[in-house]
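Undergrad: Sharing a structure below in C-alpha cells format, with a few things to ask.
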C-alpha cells in the first residue's frame, strides 16, 4: 500500500511540475476574457501555450539539449562517467579476491567469476556506447 501511495505521489509531483513549466502566451493567454465563456472578443481567438525547455541553459534557448540525439548523448556521458570508475574498482576487487584466495579452488572460482562479470559489464557498457553513437551519427546524417 505504501508503494502505491509513493508512486501516486511521484506521479502527481511529476505532472504538476510539467504543468508549472507551461506558460500561457498569445492572444488568448492569461487574463483574456475572450473564448468560451468569455465576455469579449470575436470568439475566434485560441489559447496558445509555450513550453520551456528545462534542459536549455538560462538565457540561451539555442544551446544545451534541444533534441533527442543530444539528450541520448548527455545521458550516455553521465553513465560512462559513473560506469568506467566502477569497472576499474570491480577489476581491482576481483584482483584482491584472487590474492585472498591463496590457491583455494572454491575461492579462485569465485574470484574468476567476479572478474568475468566485471568484464561482461564493461563489454555491455562499451556496446551501449557504440550503439548509441551509431544511432546518433545516423540521425545526424539523415538530418543533414
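Residue numbers (the working numbering): 2 to 145.
Heads up, the beta-carbon is just placed ideally off N, CA and C, and yes, glycines get one too.
Predicted model only: the values in this text are computed from it and were never measured.
Between the stretch 132-139 and the stretch 81-97, can you find at least three pairs of beta-carbon atoms closer than 8 Å?
TA: no
Undergrad: Measuring only the C-alpha atoms, how far is residue 110 from residue 102?
TA: For this step, residue 110 is matched to residue 109 along the chain shown. For this step, residue 102 is matched to residue 101 along the chain shown. Residue 110 and residue 102 have their alpha carbons spaced roughly 9 Å apart.
Undergrad: In the structure shown, what three-state DSSP assignment does residue 70 receive?
TA: Translated into the one-based positions of the chain shown, residue 70 becomes position 69. Residue 70: helix per DSSP, three-state reduction.
Undergrad: Rounded to whole angstroms, what's the CA-CA distance from residue 113 to residue 106? Just pull it up for me.
TA: In the chain shown, the residue the question calls residue 113 occupies position 112. In the chain shown, the residue the question calls residue 106 occupies position 105. Distance between the alpha carbons of residue 113 and residue 106 is about 10 Å.
Undergrad: Does DSSP put residue 109 in a helix, in a strand, or in coil?
TA: In the chain shown, the residue the question calls residue 109 occupies position 108. Three-state result, residue 109: helix.
Undergrad: Look at residue 88 and residue 123 and say whether their C-beta atoms are less than 8 Å apart.
TA: The sequence position of residue 88 within the chain shown is 87, counting from 1. The sequence position of residue 123 within the chain shown is 122, counting from 1. Yes, they are a contact pair.
Undergrad: Could you check the C-alpha separation between residue 120 and residue 69 for me, to the nearest Å?
TA: Here residue 120 refers to the residue found at position 119 when the chain shown is read from its first residue. Here residue 69 refers to the residue found at position 68 when the chain shown is read from its first residue. For residue 120 and residue 69, the distance between alpha carbons rounds to 30 Å.
Undergrad: How is residue 57 classed by DSSP in three states: helix, strand or coil?
TA: The residue you call residue 57 lines up with position 56 of the chain shown. The three-state reading of DSSP puts residue 57 in coil, since its state is none of H, G, I, E or B.
Undergrad: Can you tell me the Cα-Cα spacing of residue 118 and residue 56, whole angstroms?
TA: If you number the chain shown from 1, residue 118 lands on position 117. If you number the chain shown from 1, residue 56 lands on position 55. Cα-Cα distance, rounded: 35 Å.
Undergrad: When you compare the CB positions of residue 130 and residue 77, do they come within less than 8 Å of one another, or not?
TA: Walking along the chain shown from the start, residue 130 turns up at place 129. Walking along the chain shown from the start, residue 77 turns up at place 76. In this structure, residue 130 lies near residue 77, with their beta-carbon atoms less than 8 Å apart.
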